[in-house]
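Numbering (the numbering used here), first residue to last: 100 to 398.
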């Protein structure tokens, strides 16, 4: 099956950034959490992406976070650095720095807020790709956060032009995006689900895996679901999908990463709350998460 090529693994966790009580990044806890995630089925880790609160981290903080995780997992998983920006010059610099750090790839989000046209998006991603030609890149389309969407035709042009654009994180909330990308790119672009609840449907139409938030607390179940699908055990994959859906819903009952940080706290990982302007989870969200996590655990 051509869609089975997964350059960064099947289950990639979009990792949170742990904070100390004083608000500083907790690198020691980040290293322990990264080790735990890899041991729980994550084949790749996105560091300092949206879930990692990149908008409120300085570039220096991001580089130190990447280095801490790299040291912790020591080649046991792919390390993908979040290096996107709505300023092309900043995205170029961050991606070049990521390449210098020796990561396995970079996640480059569609520029947010300034809403460039498709030709502007093409020029932006081409400039970033050309600045680090040896570093594999994952394009990240999440129009709900960025305010604009990277069209499949534009993604296909980029994949054709830039050899290091190898992957696409699809977070538009629709499986049609995967089908359109497959029609235009075939196996040139490995498509990852960017929505935990849509992982199984997206696999069914050609995605190779998932960039997951839920894998922080349900890594073995998500890995088992993906493996069951690839092995042709569709009934088991569907059963796991249905088991995971309540957790997926709970984890996105408020703005990511508010719920996942609360869920980790409930699971014994004191990662701290998010930085402002995000705020800690409400009692209602915590209660929902507590009940959902309890139901997910084996009896």
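By construction, the Cβ of each residue, glycine as well, lies at the ideal position given by its N, Cα and C atoms.
- In the displayed model, residue 179 falls within a strand according to three-state DSSP.
- DSSP places residue 237 in the uninterrupted beta strand (DSSP E) bounded by 236–240.
- The Cβ atoms of residue 107 and residue 143 lie closer than 8 Å to each other.
- The beta carbon of residue 225 sits closer than 8 Å to those of 257, 260 and 261, all from its chain and outside the five residues before and after it, given in chain order.
- In this structure, residue 146 and residue 201 do not form a Cβ contact; the two beta carbons are roughly 13 Å apart against a cut-off of 8 Å.
- Within its own chain, the residues whose Cβ lies closer than 7 Å to the Cβ of residue 148, once the five positions on either side in sequence are excluded, are 113, 181 and 206, listed in chain order.
- Residue pairing from DSSP places residue 266 in a beta bridge opposite 237 and 289.
- When C-beta atoms of the stretch 208–227 are compared with those of the stretch 242–255, three or more pairs fall below 8 Å, so the two segments count as touching.
- Beyond the five residues adjoining it in sequence on each side, residue 383 comes within less than 8 Å, by CB distance, of no other residue in the same chain.
- Between the stretch 385–397 and the stretch 337–355 there are three or more inter-stretch CB-CB distances shorter than 8 Å, so the stretches are counted as touching.
- Beta-bridge partners of residue 146 (DSSP): 180.
- Taking residue 301 as the centre and dropping the five residues before and after it, the same chain places the C-beta of 274, 277 and 292 closer than 6 Å to its C-beta, in chain order.
- By the C-beta density criterion, residue 152 is buried, having at least 16 other C-beta atoms within 10 angstroms.
- Of the candidates 184, 313, 271 and 203, the residue whose Cα lies closest to the Cα of residue 220 is 184.
- The C-alpha of residue 375 is placed about 31 Å away from the C-alpha of residue 140.
- Taking all protein chains in view, the Cβ of residue 177 is crowded by 16 or more other Cβ atoms within 10 Å, so the residue is classified as buried.
- The C-beta separation of residue 286 from residue 263 comes to about 16 Å, leaving the pair out of contact by the 8 Å criterion.
- Minimum Cα-Cα distance from residue 242 among the listed residues 215, 227, 230 and 229 corresponds to 215.
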